[in-house]
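**Q**
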Amino acid sequence: MEWFEETLHENWRQGIRIKEILYRDQTELQDLMIFESYAWGRVLTLDGVVQTTTGDEFCYHEMIVHVPMLAHGAPRQVLIIGGGDGGCLREALKHEGVERVTQVEIDRSVIDLCRKWLPTISDGAFDHPKARVIIADGARFAAESPERFDVIVVDSTDPIGPGAVLFTEEFYRNVRRLLNPGGILATQCGNPSIKPQELVDTQAAQRAAGFALVDYYLPVVPTYIGGGMALGFATDDPAKRKVGADAIRERGVPKGLRYYTPEVHVAAFAHPAWMIERVGH
6 MEWFEETLHE NWRQGIRIKE ILYRDQTELQ DLMIFESYAW GRVLTLDGVV
56 QTTTGDEFCY HEMIVHVPML AHGAPRQVLI IGGGDGGCLR EALKHEGVER
106 VTQVEIDRSV IDLCRKWLPT ISDGAFDHPK ARVIIADGAR FAAESPERFD
156 VIVVDSTDPI GPGAVLFTEE FYRNVRRLLN PGGILATQCG NPSIKPQELV
206 DTQAAQRAAG FALVDYYLPV VPTYIGGGMA LGFATDDPAK RKVGADAIRE
256 RGVPKGLRYY TPEVHVAAFA HPAWMIERVG H
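Numbering (the working numbering), first residue to last: 6 to 286.
1) On a Cα-Cα basis, can you pick out the residue from 187, 284, 221, 191 that is closest to residue 71?
2) Should the segment 241-258 be called in touch with the segment 194-207, which here means at least 3 C-beta pairs below 8 Å?
3) Kindly indicate which residue of 68, 240, 62 has the alpha-carbon position closest to the one of residue 259.
4) Would you mind stating whether residue 146 and residue 189 have Cβ atoms separated by less than 8 Å?
5) Determine the contact status of residue 89 and residue 112, defining contact as a CB-CB distance below 8 Å.
6) Which residue comes first and which comes last in the beta strand (DSSP E) that contains residue 109?
7) Helix, strand or coil for residue 239 per DSSP?
8) With DSSP collapsed to three states, give me the class of residue 49.
9) Within 10 Å of its beta-carbon, does residue 160 have 16 or more other beta-carbons around it, so buried, or fewer, so exposed?
10) Taking the alpha-carbon of residue 158 as reference, which of 95, 126, 124, 50 has the nearest alpha-carbon?
11) Can you tell me whether DSSP reads residue 114 as helix, strand or coil?
12) Please check the pair residue 54 and residue 21, which I expect to be a contact at CB under 8 Å, by giving their CB distance rounded to whole angstroms.
13) Does residue 211 come out as helix, strand or coil in the three-state DSSP assignment?
14) If you reduce the DSSP assignment to three classes, tell me which class residue 20 lands in.
15) Find the nearest neighbour of residue 202 within the set 282, 61, 30, judged by alpha-carbon distance.
16) In the structure shown, what three-state DSSP assignment does residue 199 receive?
17) Is it a yes or a no for the segment 74-93 touching the segment 220-234, going by three-plus beta-carbon pairs under 8 Å?
18) Using CA coordinates, which residue listed in 139, 57, 66 is at the minimum distance from residue 119?
19) Quick one: Cα of residue 223 to Cα of residue 150, how far?
20) Can you say whether residue 31 is buried or exposed, counting buried as having 16 or more other CB atoms within 10 angstroms of its CB?
21) Could you tell me which uninterrupted beta strand (DSSP E) segments, each at least 3 residues in length, are contained entirely in the segment 64-94, listed from first to last along the chain?
22) Going by DSSP, what residue range makes up the alpha helix (DSSP H) through residue 177?
23) In the DSSP assignment, what residue or residues form a beta bridge with residue 8?
24) Looking only at its chain, what residues have a beta carbon closer than 7 Å to the beta carbon of residue 103, apart from the 5 residues adjacent to it on each side?
Spelled out as structure tokens, the structure:
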């Protein structure tokens, strides 16, 4: 019996039983493995950390994309930084009013391997006429691009290795510059139950970057160690945070979603008492 053991956190480990290793290689930037599991379908790991599984990826991808897009109300231009598995791209393209979704991914091999071994996650999104994929450093793109976007989703790895730069004040300042008035930034902020300081630090960095409102919301993603995730929500239009379920419904929720609902959208911004004490809000 072979198990994948994730050791992202020094005092907490999780294991996923492996049925078959489908692919493993050291790319130019990271150690990448894809395997078939017994309980969660196919699993992608980078540097020993679970990135996504076909069994529960919708929990994460729907929430990190549809919350900012429906809070905005009328996004035309969307930017995804990271997200090489294509799940965020797939979800963003479900919004009919979107004119283009630009994805900036640093590692071409992640996209290629996910298209081959995890095709259900992107579900043809990379070939969509509204999709534009750029292979580049996301931090550099944010610093240099003259383009502007209505929603920016940072679907990054944890703040270690290549992904660490995507959690800095400088990066958030550059991302804020890329947003149109009323634009929204959504980011991956880790598991506050295990490493609350990661959320504290990212929220502080986003405030220091000058956003008028910095908040976070809480989906549950079973195979992300500990289950509970925090996703950052930053904007210069605080009213975007207060959109109610009825207003969201009127904006047109994409059909066929498996996690996101207007009620879940609103409820995800309710924070446990201990988290309010530690992080704020």
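For glycine and all other residues, C-beta sits at the position ideal for the given N, C-alpha and C.
**A** Straight from the coordinates:
1) When only C-alpha atoms are compared, the closest one is 191.
2) no
3) 68
4) Not a contact, by the Cβ cut-off of 8 Å.
5) yes
6) Unbroken beta strand (DSSP E) run through residue 109: 105-110.
7) strand
8) strand
9) buried
10) Answer by Cα proximity: 95.
11) DSSP, reduced to helix, strand and coil, places residue 114 within a helical segment of the structure shown.
12) So it is not a contact: roughly 12 Å between Cβ atoms.
13) helix
14) If DSSP states are grouped into helix, strand and coil, residue 20 belongs with the strands.
15) 282
16) coil
17) Verdict: no, contact absent.
18) 57
19) Taking the straight line joining both Cα atoms gives about 30 Å.
20) Classification for residue 31: exposed.
21) 82-87
22) 174-183
23) 22
24) Non-local C-beta neighbours of residue 103 in its own chain, meaning closer than 7 Å and more than five positions away in sequence, comprise 80, 81, 83, 97, 135, ordered along the chain.
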